[in-house]
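Q:
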Amino acid sequence: MSTMPEVNPARLLTSIADFAAIGATPAGGVNRQALSVEDRTARRLLAERAFARGFTVFQDEAANLFLRRDGRDATLPPLLIGSHLDSQPTGGRYDGALGTLSAFEVLEALADAGVETDRAIEVVAFTNEEGSRFSPGCMGSMAFAGAGNLSDWRRARATDGALLADELAATLQALPEARMRPIGHAISAFVELHIEQGPVLEREDVPIGVVTAVQGTKWLEIAFSGEAAHAGTTPLEFRKDPMGAAAAAIARIQGDIMPADPAARLTVGRITAEPGSINVIPSRVSFTVDIRHPDAAALAAMDRRVREECEAAGARWGCETAIELRVDMAPGRFAPEVTAAIEETCRALAIRSRPMVSGAFHDALFVGRVAPAAMIFVPCRNGISHNEAEFVSDAHIIAGARILLGVALRLSAA
Ligand code: HGY
Ligand code: MN
Ligand code: MN
Ligand code: MN
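If you read the sequence shown in our numbering, its first letter stands for residue 50, the second for the next number, and so on.
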């Protein structure tokens, strides 16, 4: 005899705190980078909780982790819900983990209520959504959607020098009880709950965002190669100074290209100088450019402008310029039938919502290429994310999980 399933607020809030302790930083954030020891610890904790509930645990060759609660009809493709567990080096405790743990709470609430759904529901923790330790981001969901080549990525080196192939193998081996499954299995739909990571919902005091689309993203790695020389003896006209080139290029990127379009987002997040000595003109300077725009043509135009500015700066400072495209994510629209299910659930629970476009990329962007997908956003304080101060109120956490449970009930019906 089943009852109406309800989210268990105390259990979910405790779970979020439990996972925030894995890779906890002194400033209250988390450092749980993809395929790290901390990431493996979090995966194990989630898998053990799944085993304890009698769910089945799977991994695929991209180390995507799946927790399955069977449904009435095993022939039906499962509904997939979830997000990611990896974090930025100085990340917040909610980015990714909130969606993954809220999805697990949905399975527990259904189990507690004895509800048998028509189709199975699977919770997923996709591998390396952040892309900060290994490029590209959304590695696991891209591989799941056939939108990227895992064998190419295997040779990638992390920012700390580790080889992706080794870290993938260690992660899979750390969970021997999980069953391996072929990558990219059929699913009926995918719903990802995530913090907004921006200011809109909080500013409008709306508890739920119904995400209809995700803007496009390009990541460029720019490298200027010049000539190392003595800081004290080398006059300007003899210098082939990659730092001068980088400074000129970044000034144009942030001083001219970004201000020209209010929808443009350009970020230089990482810069490295070699040899990095105070009294040596660098031999090489590399930096990253994260380019975002909701419109594909505008994104391509900004990419061209950035490349032109870098080539010009390199030439002016007597340097060679190398530009590598590390990530190329076209803007994506989500499935109306899934956003409609989210909106219906918000109405049924009398929780206000508003449609919106995501400024951040997400795993749902890629899963949405192979199955109907959409996202549910909850507000975060001051719109801050990718920052240890990231915060979501308990009320918004519970509202988001209740919506996810309602949507899962709707979409798991045959
Ligand atoms: O960068 C992004 O958009 C994602 O939050 N990792
Ligand atoms: Mn995220
Ligand atoms: Mn993130
Ligand atoms: Mn994401």
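Every residue gets a Cβ at the ideal spot worked out from N, C-alpha and C, and that includes glycine.
So within the stretch 190–216, which uninterrupted alpha helix (DSSP H) runs reach at least 4 residues, ignoring any that extend past its ends?
A: Within the stretch 190–216, the complete alpha helix (DSSP H) runs of at least 4 residues are 199–202.
Q: Starting from the C-beta of A158, find all residues in its chain whose C-beta is less than 7 Å away, skip the five residues before and the five after it, and write them out in chain order.
A: Around A158: P54, E55, V56, N57, L454.
Q: DSSP three-state call for Q303: helix, strand or coil?
A: DSSP places Q303 in helix when its eight states are reduced to three.
Q: Find the nearest neighbour of F239 within the set G432, L269, R459, A422, judged by alpha-carbon distance.
A: Cα-wise, what sits closest to F239 is A422.
Q: Compute every distance between the C-beta of H411 and the non-hydrogen atoms of ligand 2, then say whether any falls below 7 Å.
A: Yes, the beta carbon of H411 sits closer than 7 Å to at least one heavy atom of ligand 2.
Q: Starting from L62, follow the alpha helix (DSSP H) in both directions and report where the run begins and ends.
A: From DSSP, the alpha helix (DSSP H) with L62 extends over 58–69.
Q: If you follow the alpha helix (DSSP H) that F100 is part of, which residue opens it and which one closes it?
A: Segment 86–101, the alpha helix (DSSP H) holding F100.
Q: Please confirm if the stretch 135–153 is in contact with the stretch 179–193, defined as three or more CB-CB distances below 8 Å between the two stretches.
A: Yes, since at least three Cβ pairs between the stretch 135–153 and the stretch 179–193 fall closer than 8 Å, the two stretches touch.
Q: Going by the beta-carbon positions, is the gap between I446 and L62 smaller than 8 Å?
A: For I446 and L62, yes; Cβs fall inside 8 Å.
Q: How about D144 and H435: are their beta carbons less than 8 Å apart?
A: In contact: D144 and H435 (Cβ atoms closer than 8 Å).
Q: In the DSSP output, what is F268 paired with across the bridge?
A: In the sequence as presented, Phe is not what sits at residue 268; that position holds Trp. According to DSSP, W268 bridges with D339, V376.
Q: Which residues have a Cβ closer than 5 Å to any heavy atom of ligand 2, listed in chain order?
A: Spelled out in chain order, the answer is D144, G145.
Q: For the beta strand (DSSP E) containing R314, name the first residue and the last one.
A: It spans 314–316 - the beta strand (DSSP E) in which R314 sits, taken as one unbroken run.
Q: Using a Cβ-Cβ cutoff of less than 6 Å, which residues in the same chain neighbour E87 once the five nearest sequence positions on both sides are dropped?
A: Result list for E87: I71, G72, R81, in chain order.
Q: For D167, does the count of other Cβ atoms within 10 angstroms reach 16, so buried, or fall short, so exposed?
A: When all chains shown are included, D167 counts as exposed.
Q: Between D122, A76, P126, which lies nearest to V419 when the distance is taken from Cα to Cα?
A: When each option's Cα is compared against that of V419, the closest is P126.
Q: I'd like to check one pair, G449 with A242: are the Cβ atoms closer than 8 Å?
A: First, the residue type needs correcting, since residue 242 is Leu and not Ala in the sequence shown. Cβ atoms of L242 and G449: closer than 8 Å.
Q: Does DSSP put Q222 in a helix, a strand or coil?
A: Q222: helix per DSSP, three-state reduction.
Q: Spatial neighbours of V334 within its chain, please: CB distance less than 6 Å, with the 5 preceding and 5 following residues excluded, ordered by chain position.
A: Only F273, P291, M292, A295, A322 meet the Cβ criterion.
Q: Using a threshold of 7 Å, is the CB atom of E179 nearer than that to any non-hydrogen atom of ligand 3?
A: Under cutoff, so the answer is yes.
Q: Specify the secondary structure class of H279 as computed by DSSP and reduced to three states.
A: Three-state DSSP puts H279 in a strand.
Q: Use the C-beta contact count for H279: other C-beta atoms within 10 angstroms, 16 or more gives buried, fewer gives exposed.
A: Exposed: under 16 other Cβ atoms inside 10 Å.
Q: G381: beta carbon under 7 Å from a heavy atom of ligand 1?
A: G381 Cβ: outside cutoff for every heavy atom of ligand 1.
Q: Would you call the CB atoms of R203 and L156 closer than 8 Å?
A: Against a cut-off of 8 Å, the Cβ pair of L156 and R203 comes out as no contact.
Q: Name, in chain order, the residues that DSSP records as bridge partners for N411.
A: This sequence places His at residue 411; Asn is not what is there. DSSP, once it has assigned bridges, lists no residue as partnering H411.
Q: Comparing alpha-carbon positions, which option in D67, P428, R60, A463 lies nearest V249?
A: For the residues D67, P428, R60, A463, the minimum Cα distance to V249 belongs to P428.
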